[in-house]
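Numbering (the numbering used here), first residue to last: 19 to 215. Beta carbons are placed, not taken as given, at the ideal position from N, Cα and C, and that holds for glycine. Okay, so here's the structure we're looking at.
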């Protein structure tokens, strides 16, 4: 998210849905009122959080997170407990792990956007490249570079793209052609069918 703002790039992709435990009747993060300035959260039953701590996701990614916990005694006697938490009788009741406020706001905005027809139309354009990326990743193992320097990595990407084009040309000559109504035709397929255009 920070890189997106730093480089002024608009990511076109869906946000993951809110996790609600083992069913849609459970309370998700969006059912809690979060007050970042006062460092408090209010649950659907009106109880306030007992603990608020800044943390990180993992050693490798180091994504800044906020961990909010509710007191076990408060959760134990709550009539909404079955819809809220499966926490045992330890020190803490319900716990929430959220992203930092700026990232959380961007995520909520994306979730609202992706319900609109305009966003779906933009996302549909991305579908044309998805199969190419899938082939690059799975057939040529291009998710990670085998090389350390930029020149060798660039050459590796060029060779991988050439390999995918050769695989598609071979598939075309073998008779594996996409249905015209089902998928869009790539530039390479158009060149194979109509070389003069």
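List the endpoints of the continuous alpha helix (DSSP H) containing residue i.
i	result
residue 129	119-131
residue 182	168-191
residue 99	99-102
residue 93	90-94
Along the beta strand (DSSP E) that carries residue i, what are the first and last residues, could you check?
i	result
residue 59	58-60
residue 53	51-53
How many angstroms separate the CA atom of residue i from the CA atom of residue j?
i	j	result
residue 143	residue 137	10 angstroms
residue 122	residue 169	37 angstroms
residue 82	residue 176	36 angstroms
residue 94	residue 36	24 angstroms
residue 109	residue 59	18 angstroms
residue 112	residue 126	22 angstroms
residue 56	residue 66	11 angstroms
residue 23	residue 31	15 angstroms
residue 218	residue 164	Outside the shown range of the chain, which is 19 to 215, sits residue 218, and nothing can be said about it.
residue 79	residue 135	33 angstroms
residue 53	residue 61	12 angstroms
residue 181	residue 84	45 angstroms
residue 149	residue 131	24 angstroms
residue 86	residue 118	12 angstroms
residue 88	residue 69	7 angstroms
residue 133	residue 139	11 angstroms
residue 194	residue 124	42 angstroms
residue 187	residue 103	54 angstroms
residue 171	residue 97	58 angstroms
residue 120	residue 72	14 angstroms
residue 141	residue 189	27 angstroms
residue 28	residue 107	45 angstroms
residue 147	residue 76	31 angstroms
residue 167	residue 161	16 angstroms
residue 156	residue 26	30 angstroms
residue 209	residue 191	13 angstroms
Mind checking if residue i is an interface residue toward chain C, Cβ cutoff 8 angstroms exclusive?
i	result
residue 84	Within the model displayed, chain C is absent; a lone protein chain is all it includes.
Going by the CB atoms, is the gap between residue j and residue i shorter than 8 angstroms?
i	j	result
residue 105	residue 90	yes
residue 50	residue 154	no
residue 116	residue 74	no
residue 145	residue 158	no
Could you give the C-beta distance for residue i and residue j, rounded to a whole number, given that I count them as a contact under 8 angstroms?
i	j	result
residue 129	residue 63	That belief does not hold up - the Cβ atoms of residue 129 and residue 63 are roughly 24 angstroms apart, past 8 angstroms.
residue 101	residue 44	6 angstroms
Margin query: Quick check on the DSSP output: what are the complete beta strand (DSSP E) runs of length 3 or more inside the segment 61-86, in order along the chain?
Written below: 69-74
Quick check on the DSSP output: what are the complete beta strand (DSSP E) runs of length 3 or more inside the segment 128-161, in order along the chain?
With a minimum length of 3 residues, there is no unbroken run of beta strand (DSSP E) contained wholly in the segment 128-161.
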